[in-house]
Amino acid sequence: MDFALSDDQKALRDLARDFAKNEIRPKAEHHDKTGEYPLQILKKAWETGLMNIHIPEAYNGAGMAELDDVIIGEELFWGCSAMATAILANNLALAPVLIGASEEVLKKWVQPMTEQFQLCAYAVTEPGAGSDVAGIRTSARKVGDEYIINGSKMWITNAGYADWFFVLTKTDPAAGHKGITGFIVSSKTPGVIVGKKELNMGQKCSDTRGISFEEVKVHKSQMIGKEGDGFKIAMGAFDHTRPGVAIGAVGVARAAMEHALEYAKTRTAFGKPIVENQAISFMIAEMARDIEAGRLLCHQAAWLIDNGFRNTYQASIAKAFCADACMRITTDAVQVLGGYGFNSEYPVEKLMRDAKIFQIYEGTSQIQRLIISRYLTEGKGIEGPNL
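Per my numbering, residue 20 is the first one in the sequence shown, and the count goes up by one each step.
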């Protein structure tokens with residue numbers, strides 16, 4: 020057992036840390052207040068090699084592992100979670116495509132992303148179907164060699180800037196989750212209508228929109244996997260992406276703890292720095308405890324899937340633990356700073372607003388508990404190498 024990062028992983032961490040420190044952090048306040056999409060920062064991240072890291076070498080990609088994604092993610096989310104979400108959203112859209120797409124699709128749609136800056140988006144959630152993916156209503160009916168897509172999606176990250184979408188549809192409404200099929204759809208296809216940018220509580224510069232599909236025609240070659248494979252592929256993608264989302268919560272929590280600690284060391288009350296008061300020092304100690312635990316959970320979940328083990332159970336534990344810990348840690352950071360924490364002049368109120376989404380997107384904290392409890396009640400327990 021070895022918890023040490025390799026030299027390559029340390030170099031990757033330092034690259035991401037420097038990018039977060041020099042490119043993201045200085046502009047975080049501006050983008051939070053204006054909601055301006057950080058397009059130029061995304062382009063720099065692509066040029067630096069921090070985007071699309073999972074595209075295989077066979078398609079001119081870096082072919083990096085999930086643990087590499089986790090290492091990068093902690094640093095970028097430490098910089099600003101809204102910008103990190105925008106930078107890393109490609110990973111979510113690419114995950115089901117890399118799992119189930121044909122050679123033709125990979126060469127036509129994925130390989131070009133290594134040659135020029137492109138964005139893609141994961142279009143699964145609908146106005147009436149979030150956690151209940153099997154309840155989607157977007158339909159795709161077969162007409163000759165084409166499928167005609169009708170329906171709407173909601174809360175789609177990077178929708179306003181995406182070159183293509185991974186879209187989940189119902190090809191056989193009577194078949195339940197076995198009647199769901201995924202397609203790649205160009206954002207420029209006639210009938211694709213992208214809605215207005217949503218104004219959210221946190222992660223304000225992340226581009227979140229609804230999408231409507233009105234008689235959108237796609238060729239059968241744009242199908243991901245076989246007809247009816249969509250649900251299985253989409254759920255399998257979460258095993259790859261949830262560790263990366265969970266580590267994002269760790270990065271935000273780490274930033275909040277650092278701000279709280281620095282303030283507590285310099286702010287005095289009753290004749291001494293407030294960090295010397297047990298009430299404050301214990302709050303910060305608990306922050307550190309949960310950050311360390313969360314990081315290990317994320318690294319374990321990523322390591323499992325990198326080494327050929329199913330990680331659904333561990334990925335859900337990591338996602339639930341880290342999301343809840345992040346919300347608690349950012350709230351406590353605001354408390355440590357007192358009135359200053361509640362004021363927008365200091366960054367912790369932004370971190371608290373940004374933190375909430377981790378308990379919601381890529382499966383709510385309640386859905387993660389459902390997954391964990393089902394694994395246990397079905398007698399599966401922990402799956403992995405002698406774990």
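Every residue, glycine too, gets a C-beta built ideally from N, C-alpha and C.
Here the stretch 114 to 127 does not lie against the stretch 97 to 106, with fewer than 3 beta-carbon pairs under 8 Å apart. Ranking G98, Q319, F377 by CA distance to the CA of M346 puts F377 first. In this structure A140 is buried. Its beta-carbon is surrounded by 16 or more other beta-carbon atoms within 10 angstroms. Shown here, R160 sits in a strand according to DSSP, grouped into three states. Taking C-beta atoms as the reference points, M132 and I74 count as a pair closer than 8 Å.
Between Y332 and I252, the C-beta spacing is not below 8 Å.
Membership of A298 in any beta strand (DSSP E) is not indicated; the residue belongs instead to the alpha helix (DSSP H) covering 297 to 325. Fully contained in the stretch 218 to 268 are the following beta strand (DSSP E) runs of length 3 or more, in chain order: 227 to 238. Around the beta-carbon of M220, fewer than 16 other beta-carbon atoms lie within 10 Å, marking it exposed.
For the options Q241, S150, D33, the alpha carbon positioned closest to that of R388 is the one of S150. Contact fails between the stretch 38 to 53 and the stretch 82 to 89, because fewer than three Cβ pairs, one in each stretch, are under 8 Å apart. Ranked by Cα distance from K127, the options S205, G360, M276, G210 are led by S205.
Under the rule that a run must span 3 or more residues, the beta strand (DSSP E) segments found entirely inside the stretch 172 to 203 read 183 to 189. Closest by C-alpha distance to A23, out of V124, L113, L315, is L315.
For I43, the three-state secondary structure derived from DSSP is helix.
In this model, K189 and V367 are separated by some 42 Å (Cα to Cα). When rounded, the separation of the alpha-carbon atoms in S300 and F361 is 20 Å. Setting aside the 5 residues that flank it on each side, T349 is surrounded in the same chain by A275, L370, M371, A374, each with a C-beta closer than 6 Å to its C-beta; the list follows chain order.
In the displayed model, T287 falls within a strand according to three-state DSSP. One alpha carbon belongs to W97, the other to I168, and they sit about 39 Å apart. Setting aside the 5 residues that flank it on each side, L58 is surrounded in the same chain by Y180, each with a C-beta closer than 8 Å to its C-beta; the list follows chain order. Within the same chain, and ignoring the five residues on either side of P146 in sequence, the residues whose Cβ sits closer than 7 Å to its Cβ are S171, M173. Distance from I230 to F185 at the Cβ level is roughly 12 Å; contact not present, criterion being Cβ atoms closer than 8 Å. Taking the C-beta atoms as reference points, R261 is found nearer than 8 Å to A334. Per DSSP, reduced to three states, the secondary structure at S150 is coil, with no helix or strand assignment. A distance of 8 Å or more separates the beta carbons of A153 and F257.
Within a 10 Å sphere around the beta-carbon of S100 sit 16 or more other beta-carbons, which makes this residue buried. Going by DSSP, I212 is part of the beta strand (DSSP E) stretching over 211 to 213. Between V271 and A283, the C-beta spacing is not below 8 Å.
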